[in-house]
Amino acid sequence: MKYDVAVIGAGVVGSLIARELSRYNLKIALLEKCNDMAMGTSKANSAIVHAGFDAKPGTLKAKLNVKGTALMPELCKELSVPFKPVGSLVVAFSDEEVEVLDELLERGKMNGVPDIEIYDAEKLREAEPAISPEAKAALWAPTAGIVCPYELTVASVENAVVNGADFIRNFAVNKIDFNGEEFTVSNGETEIISKYVINAAGVFCDEIAALIGDDSIHTVPRKGEYMLCDKSIGTLAKHTIFQCPSKMGKGVLVTPTVDGNLLIGPSALDIEDKTDVSTTSEGLSGILQTARKSIPVLGTREVITSFAGLRAHCDRDDFIIEPSEKNSRFINVAGIESPGLSSAPAIALFVKDMIIKALSPEEKGDFNPVREEPVRFRHMSNEERKALIAKNPAYGRIICRCETITEGEILDAIHAPAGARDVDGVKRRTRAGMGRCQGGFCGSKVVELLARELGVEINEITKFGGDSKILYDRTK
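Written as structure tokens, this is what we have:
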């Protein structure tokens with residue numbers, strides 16, 4: 124259990140860091156306290172690849188956002204992850220807000236954002252026919268896009284594992300010791316030894332840093348609630364539509380998703396509990412009312428689910444990516460709130476360069492940056508489907524009717540590198556259970572397949588690890 128680098132936290136940032144380091148002759152451990160990767164902020168955010176005009180010029184947020192956004196299309200291509208360069212619009216509803224657009228335009232130019240411009244009301248309505256008649260103008264940023272954050276995280280871990288990294292689940296770090304040369308990282312039951320530690324633990328970064336006596340980080344969980352709408356209204360927004368930002372963030376947006384749904388949110392509320400991802404009627408009502416300012420026809424009829432995520436807000440109001448003052452071999456990657464997803468590819472390179480400078484490893488000659496594209500039966504032609512079923516009949520059995528997900532795809536998800544071990548893990552990898560019925564029809568079959576393929580009793584299968592069992596015992 125000896126490693127050169129231990130990365131704590133398998134969110135999108137930690138996972139991409141592990142993937143970048145797996146390019147080199149280094150022994151890498153990716154430690155995750157949950158039963159799967161992408162269990163925190165990376166599974167519950169706006170999924171926006173921001174252009175980079177919002178961050179204050181000169182900050183890490185500004186530099187890494189623009190660079191990360193430029194890297195995202197090629198990265199997603201290598202990892203076979205859906206990415207759509209839909210562009211974004213920041214809409215102004217008053218003369219005062221039009222002045223804000225001018226400020227964002229200038230800030231974007233200072234940050235190096237290409238091709239941004241101001242649309243007048245007529246051009247805005249050509250771009251977004253459903254926009255409110257109250258809209259006066261908008262800032263157009265063509266380099267913005269949308270991605271699936273949890274698919275990107277899953278793909279990054281899979282690729283890192285294929286290239287030699289170890290993904291260690293259910294490893295909740297609660298003790299870190301240092302003997303002058305190496306860290307001993309423990310979860311109370313198991314220990315690993317590592318020369319360097321990278322703290323990418325999201326909202327828990329301050330608690331992990333405190334284990335080495337570093338109290339310089341203060342993370343505030345900022346809750347954001349969302350509503351996900353059915354694909355039937357997915358075309359109401361052709362681009363990501365923002366309202367003018369505030370000190371609490373980029374505000375409530377309306378955006379298509381890469382899978383054709385419509386996403387509304389988030390709210391912004393600083394809380395104390397780092398595990399509180401509950402939704403409230405007040406929060407959801409508030410985001411819907413605010414979103415209607417952009418698109419008035421939005422309603423509740425097409426909402427199929429709601430959820431909340433926590434952003435890792437730090438009081439420095441910038442990313443913290445630096446060696447700890449307590450130990451230069453312990454690298455904090457903290458405060459990765461928006462535009463954290465957009466910046467993640469650049470953050471990974473930034474941290475990788477620190478490690479390479481310190482350890483000077485050789486680059487692998489056989490590193491494979493490409494993740495094999497998973498079967499997506501729903502996107503295939505009938506001819507392609509027939510050929511696939513002829514090779515493997517499991518692809519001919521539909522498990523999730525809403526999303527057209529087959530048994531073969533679920534088996535692939537379970538048996539992939541760092542594969543699914545619970546119902547939500549299957550859901551994130553395949554979309555089984557993400558449709559209109561939210562798993563009402565396919566959920567029981569997914570449980571059966573997990574039990575069969577993992578060789579465990581059916582009542583051992585969980586929704587998301589821990590004690591989240593689907594079934595507790597037999598009735599007979």
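So that you can map any letter, position 384 of the sequence shown is 507 in the working numbering, and since no number is skipped, the others follow by simple counting.
Beta carbons are placed, not taken as given, at the ideal position from N, Cα and C, and that holds for glycine.
Measure the alpha-carbon distance for residue i versus residue j and round it to whole angstroms.
i	j	result
residue 131	residue 293	12 Å
residue 177	residue 488	39 Å
residue 150	residue 589	28 Å
residue 345	residue 508	44 Å
residue 438	residue 187	19 Å
residue 232	residue 258	24 Å
residue 567	residue 407	29 Å
residue 148	residue 490	10 Å
residue 201	residue 192	15 Å
residue 463	residue 136	8 Å
residue 351	residue 301	45 Å
residue 239	residue 267	10 Å
residue 525	residue 562	9 Å
residue 433	residue 229	30 Å
residue 571	residue 581	6 Å
residue 560	residue 373	31 Å
residue 445	residue 422	45 Å
residue 576	residue 402	34 Å
residue 540	residue 198	19 Å
residue 337	residue 167	28 Å
Considering only their Cβ atoms, is the gap separating residue j from residue i smaller than 8 Å?
i	j	result
residue 348	residue 389	yes
residue 314	residue 308	yes
residue 265	residue 325	no
residue 261	residue 212	yes
residue 143	residue 449	no
residue 280	residue 133	yes
residue 206	residue 270	yes
residue 295	residue 310	yes
residue 435	residue 164	yes
residue 204	residue 249	no
residue 377	residue 418	yes
residue 545	residue 158	yes
residue 469	residue 194	yes
residue 241	residue 353	no
residue 593	residue 599	no
residue 343	residue 396	no
residue 579	residue 522	no
residue 550	residue 556	yes
residue 190	residue 442	no
residue 227	residue 471	no
residue 411	residue 385	no
residue 520	residue 532	no
residue 322	residue 454	yes
For residue i, count neighbouring C-beta atoms within 10 Å of its own C-beta (all shown protein chains included) and say buried if the count is 16 or more, exposed if not.
i	result
residue 595	exposed
residue 485	exposed
residue 584	buried
residue 171	buried
residue 597	exposed
residue 528	buried
residue 510	exposed
residue 383	exposed
residue 657	Limits of the chain in this structure are 124 at one end and 599 at the other, which puts residue 657 out of reach.
residue 363	buried
residue 366	buried
residue 179	exposed
residue 493	exposed
residue 284	buried
Going by DSSP in three states, residue i sits in which element: helix, strand or coil?
i	result
residue 351	strand
residue 276	helix
residue 232	helix
residue 369	strand
residue 239	coil
residue 436	strand
residue 416	coil
residue 127	strand
residue 196	helix
residue 359	helix
residue 422	coil
residue 296	coil
residue 158	coil
residue 327	helix
residue 582	helix
residue 310	coil
residue 575	helix
residue 342	strand
Between residue i and chain B, is the shortest Cβ-Cβ distance under 8 Å, so that the two count as touching?
i	result
residue 544	Included in the structure is just one protein chain, with no chain B present.
Residue ranges of each beta strand (DSSP E) within the region 451 to 528, 3 or longer: 453 to 457 and 521 to 523
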